[in-house]
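Worksheet: one structure, shown below.
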Amino acid sequence: MGTTNIPISGRYGKWLFYSEETGKIEQKCEFENGMRSGQLIAYHPNGQIEAKGTFKNDEFDGIFETFDESGKLKSKEVWENGKKISSE
1 MGTTNIPISG
11 RYGKWLFYSE
21 ETGKIEQKCE
31 FENGMRSGQL
41 IAYHPNGQIE
51 AKGTFKNDEF
61 DGIFETFDES
71 GKLKSKEVWE
81 NGKKISSE
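My numbering applies: residue 1 is where the sequence shown begins, and numbers increase by one.
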């Protein structure tokens, strides 16, 4: 472990990231071999989901959605291997 508490081999598994100011969860993310791989969920300060999507080898892969602070869908994109395929 370094001073950041991240293993030398990198992040692995499910990680939670907290706001230093509020202590609330800002993000949930899955890692494999130090890279984002799996689901990511980011939160607004009020606890509502701000964004969610999937990663593969640290790149967007699949559906990525963003939401306003009330939870209403703002945008929806489809990604494949880090390249945007479509958006709404």
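Glycine residues also receive a C-beta, built at the ideal position from the N, C-alpha and C atoms.
In whole angstroms, give me the CA-to-CA distance for Ala51 and Glu69. Position 51 of the sequence shown, counting from 1, holds the residue named residue 51. Position 69 of the sequence shown, counting from 1, holds the residue named residue 69. The alpha-carbon atoms of Ala51 and Glu69 are separated by roughly 10 angstroms.
Inter-residue CB distance, Lys84 and Glu77 (contact presumed, cutoff 8 angstroms): For the purposes of this step, residue 84 is taken as residue 84 along the sequence shown, with counting starting at 1. For the purposes of this step, residue 77 is taken as residue 77 along the sequence shown, with counting starting at 1. At roughly 6 angstroms, the Cβ-Cβ gap stays under 8 angstroms, so Lys84 and Glu77 are in contact.
Residue from Glu80, Leu73 and Trp15 with nearest C-alpha to Gln48: Residue mapping note: residue 48 aligns to position 48 of the sequence shown, counting from 1. That would be Leu73, whose Cα lies nearest to the Cα of Gln48.
Assumed close pair Tyr12, Glu32 - CB separation to whole angstroms, cut-off 8 angstroms: Here residue 12 refers to the residue found at position 12 of the sequence shown. Here residue 32 refers to the residue found at position 32 of the sequence shown. That belief holds up - the Cβ atoms of Tyr12 and Glu32 are roughly 6 angstroms apart, short of 8 angstroms.
In terms of residue numbering, what span does the beta strand (DSSP E) encompassing Lys72 cover? Residue 72 sits at position 72 when you count from the first residue of the sequence shown. Taken as a continuous stretch (DSSP letters only), Lys72 belongs to no beta strand (DSSP E), as it is neither H nor E.
Tell me whether Gln48 sits in a helix, a strand or coil according to DSSP, three-state version. Position 48 of the sequence shown, counted from the start, is the residue given in the question as residue 48. In this structure, Gln48 counts as coil in the three-state DSSP scheme.
Taking C-beta to C-beta, are Phe55 and Trp79 nearer than 7 angstroms? Within the sequence shown, numbered from 1, the residue matching residue 55 stands at position 55. Within the sequence shown, numbered from 1, the residue matching residue 79 stands at position 79. In this structure, Trp79 does not lie closer than 7 angstroms to Phe55 by Cβ.
What's the gap between the Cα of Met1 and the Cα of Glu88? The sequence position of residue 1 within the sequence shown is 1, counting from 1. The sequence position of residue 88 within the sequence shown is 88, counting from 1. Caution is warranted here: a pLDDT of 31 is assigned to Met1, below 50, making its placement in the model unreliable, and no coordinate value can be reported.
Distance between Phe67 and Gly38 (C-alpha atoms, nearest Å): The residue labelled residue 38 in the question sits at position 38 within the sequence shown. The residue labelled residue 67 in the question sits at position 67 within the sequence shown. Roughly 19 angstroms separates the two Cα atoms.
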